[in-house]
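Enquirer:
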Amino acid sequence: MSAIANDNFERLPKNYLFAEIGRRTEARRLRHPGEAIIKLGVGDVTRPLAPVIIEAMHKAVDELASKETFKGYGPEHGYMFLREAIAANDYKGLGIRPTDIFVSEGAICDGGNVSDIFGKDATAGITTPVYPVYLEANIMAGRQIRFIPCNASNDYTGDIPSEAIDIIYLCYPNNPTGAAISRSRLKEWVDYALKNGSIIVYDGAYEAFIRESELPRSIYEIEGAKYCAIELRSFSKTAGFTGVRCAYSVVPEELGKFHSMWAKRQECRFNGVSYITQRGAEAVYTPEGRRQTREAIDYYAGNAAIIREPLVELGLEPVGGVNSPYIWARTPGSMKSWDFFDLCLEKAGVVITPGVGFGESGEGYFRISSFGEREDTAKAMQLLKSLIYSL
Ligand SMILES: *Cc1c(COP(=O)(O)O)cnc(C)c1O
1 MSAIANDNFE RLPKNYLFAE IGRRTEARRL RHPGEAIIKL GVGDVTRPLA
51 PVIIEAMHKA VDELASKETF KGYGPEHGYM FLREAIAAND YKGLGIRPTD
101 IFVSEGAICD GGNVSDIFGK DATAGITTPV YPVYLEANIM AGRQIRFIPC
151 NASNDYTGDI PSEAIDIIYL CYPNNPTGAA ISRSRLKEWV DYALKNGSII
201 VYDGAYEAFI RESELPRSIY EIEGAKYCAI ELRSFSKTAG FTGVRCAYSV
251 VPEELGKFHS MWAKRQECRF NGVSYITQRG AEAVYTPEGR RQTREAIDYY
301 AGNAAIIREP LVELGLEPVG GVNSPYIWAR TPGSMKSWDF FDLCLEKAGV
351 VITPGVGFGE SGEGYFRISS FGEREDTAKA MQLLKSLIYS L
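Once you know that position 105 of the sequence shown is 105 in this note's numbering, the rest is easy, because the numbers rise by one and skip nothing.
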């Protein structure tokens, strides 16, 4: 084939993290047939959808069954009933209008697609360790990447760069580190962006896990953020929509041409999320919806506490798990991430996620997720604790 290919794909990091975890787990199963393996690596929710969401979706399905209430294509930017519910609930008092909100099928899609509205020569600032989409979408677009290391020395919130970077990707509470960002730190980022004319893409997929009331829940709580920030949110982790698919981006009118370009980009390349899904998402904002979705979040938070405690005891300095579903910790004795993975799998039958899979700066760390079953989580932590004490 002589068609010219996008060579930028060759620059993508060779990342087989989850495939490699699967391969090693399967090999262990074959070596010790019949032995239980507990997976604490999952980045997917496990609690079912709340009853009020199911009810709303059933009702929407019935509407599609009759000629009078049938719906075809919906508005490209989302139904107004959902955009209004989002603005009124998630952005109450922050001056975000329903028309600043764009409903989509996923924050992962928005996180990649948002790259379309920036020029080829724009530089992309990527915190590491990182959730791969921001990095990979910018590499595919041929952009120069500036890495922003996040580690204990900067509370996993990166050092403010001394040079001007066009697009800064931030994600708090963070995946994979579980770290949250303080108001004062986020203000430093916003001030940097305003001073340098940068745009911050703020991934708030784990906002619902924030428990400490002094932490910012939205970047728009910071003065001036409407002039420099795009925020991404998702119903995936908030309400168990990972398989249903519904999220939204906030691109305020104050961003001028970037607001218009994003509206145009979505009109051109996207035809909306299903009516059924949007009615389900709307139900999240009812009083029962809030209560029922809260139950699932509390369940995961309970798991997170069970994971965190022994890691604190063991002196592995865990980050996260208080305002996020992920716990990030040092490997014992500064082992390499994959060596520790193999040890946990072989000796304890527990699958963790090697930190290095999220970038070089994750070497020597591991991530545990709180999305598992309570009993499995407790059992796995007992096994890990005994294993680490025995080293
Ligand atoms: C899970 C997750 C999302 C959500 O993605 P969806 O496509 O909405 O399911 C976004 N950002 C991060 C960092 C995530 O971990």
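Glycine is no exception: its CB is placed at the ideal position from the N, C-alpha and C atoms.
Where T128 and C109 are concerned, what is the direct C-alpha to C-alpha distance, given to the nearest angstrom?
Expert: Cα to Cα, the separation comes out at about 20 Å.
Enquirer: Tell me which residue opens and which closes the beta strand (DSSP E) that G125 is part of.
Expert: First-last of the beta strand (DSSP E) with G125: 123-128.
Enquirer: Count the other CB atoms within 10 Å of the CB of I4; is the residue buried (16 or more) or exposed (fewer)?
Expert: Classification of I4: exposed, given that the 10 Å Cβ count is below 16.
Enquirer: How far does the beta strand (DSSP E) with R211 in it reach, from first residue to last?
Expert: No beta strand (DSSP E) contains R211, which DSSP labels as neither H nor E.
Enquirer: From which residue to which residue does the alpha helix (DSSP H) around E188 run?
Expert: 183-196 is the extent of the alpha helix (DSSP H) around E188.
Enquirer: Beta strand (DSSP E) containing E231: first to last residue?
Expert: That run of the beta strand (DSSP E) goes 229-234.
Enquirer: Looking at C-alpha atoms only, which residue of E221, Y275, D298 is the closest neighbour of R83?
Expert: Among E221, Y275, D298, the Cα nearest to that of R83 belongs to Y275.
Enquirer: By a C-beta neighbour count over all protein chains shown, 10 Å radius and 16 as the cutoff for buried, is N89 buried or exposed?
Expert: N89 should be labelled exposed.
Enquirer: Does the distance from the CB of T99 to the CB of G320 come in under 7 Å?
Expert: No, the pair does not count as a contact, with Cβ atoms beyond the cut-off.
Enquirer: Any chance the CB of Y131 is under 6 Å from a heavy atom of ligand 1?
Expert: Yes, Cβ of Y131 sits closer than 6 Å to a heavy atom of ligand 1.
Enquirer: CB of T242 to nearest heavy atom of ligand 1: below 6 Å?
Expert: Checking the Cβ of T242 against ligand 1 gives yes.
Enquirer: Check this for me: beta carbons of I160 and Y134, under 7 Å apart or not?
Expert: No, the pair does not count as a contact, with Cβ atoms beyond the cut-off.
Enquirer: When you compare the CB positions of V61 and V273, do they come within less than 7 Å of one another, or not?
Expert: No. Outside cutoff.
Enquirer: For ligand 1, any of its heavy atoms closer than 6 Å to the Cβ of S153?
Expert: Because no heavy atom of ligand 1 lies under 6 Å away, the Cβ of S153 does not count as near it: no.
Enquirer: So what does DSSP say about L170, is it helix, strand or coil?
Expert: Of the three classes helix, strand and coil, the one that applies to L170 here is strand, per DSSP.
Enquirer: Report yes if the C-beta distance between G349 and A36 is below 7 Å; otherwise report no.
Expert: A contact, by the Cβ cut-off of 7 Å.
Enquirer: Locate the alpha helix (DSSP H) running through Y202, then write down its first and last residues.
Expert: Element bounds for Y202: not the alpha helix (DSSP H) but the beta strand (DSSP E), 199-203.
Enquirer: For R217, I'd like the list of residues in its chain whose CB is within less than 7 Å of its CB, leaving aside the five on either flank, ordered along the chain.
Expert: These residues qualify, in order along the chain: E207, I210.
Enquirer: At a cut of 8 Å, does the segment 240-255 reach the segment 351-359 through at least three beta carbon pairs?
Expert: The answer is no - the segment 351-359 does not touch the segment 240-255, with fewer than three Cβ pairs under 8 Å.
Enquirer: Just mark R279 as buried or exposed, buried being the case when its beta carbon has 16 or more other beta carbons within 10 Å.
Expert: Counting Cβ neighbours within 10 Å, R279 comes out buried, since at least 16 surround it.
Enquirer: Counting pairs of Cβ atoms below 8 Å between the segment 295-302 and the segment 134-151, do you hit three or more?
Expert: Cβ pair count under 8 Å is below three, so no.
Enquirer: Based on the DSSP output, what are the partners of I148 in its beta bridges?
Expert: BP columns for I148 point to T127.
Enquirer: How do the segment 49-59 and the segment 252-262 stand: do at least 3 beta-carbon pairs fall below 8 Å, yes or no?
Expert: Because the criterion of three Cβ pairs below 8 Å is not met, the segment 49-59 and the segment 252-262 do not touch.
Enquirer: So the beta strand (DSSP E) S274 belongs to, where does it begin and stop?
Expert: Per DSSP, S274 belongs to no beta strand (DSSP E) and is neither H nor E.
Enquirer: Tell me the residue span of the beta strand (DSSP E) that contains R83.
Expert: It is not in any beta strand (DSSP E) - R83 instead sits in the alpha helix (DSSP H) that spans 80-90.
Enquirer: Counting only the same chain and skipping the five closest in sequence on each side, list residues whose C-beta sits under 7 Å from that of A122.
Expert: The answer, listed in chain order, is R143, D166, I167.
Enquirer: With a threshold of 8 Å, are at least 3 pairs of Cβ atoms found where one atom belongs to the segment 322-333 and the other to the segment 9-16?
Expert: The segment 322-333 is not in contact with the segment 9-16.
Enquirer: Cβ-heavy atom distance between D342 and ligand 1 below 6 Å?
Expert: No.
Enquirer: Using DSSP's beta-bridge definition, name the partner residues of A329.
Expert: Per DSSP, F366.
Enquirer: Please classify D203 as buried or exposed, where buried requires at least 16 neighbouring CB atoms within 10 angstroms.
Expert: So D203 counts as buried.
Enquirer: If distances are taken between C-alpha atoms only, which option among S370, M80, D376, S334 comes closest to I388?
Expert: The option with the nearest alpha carbon to I388 is S334.
Enquirer: So, is N271 buried or exposed, given that buried needs 16 or more other C-beta atoms within 10 angstroms?
Expert: That one is exposed.
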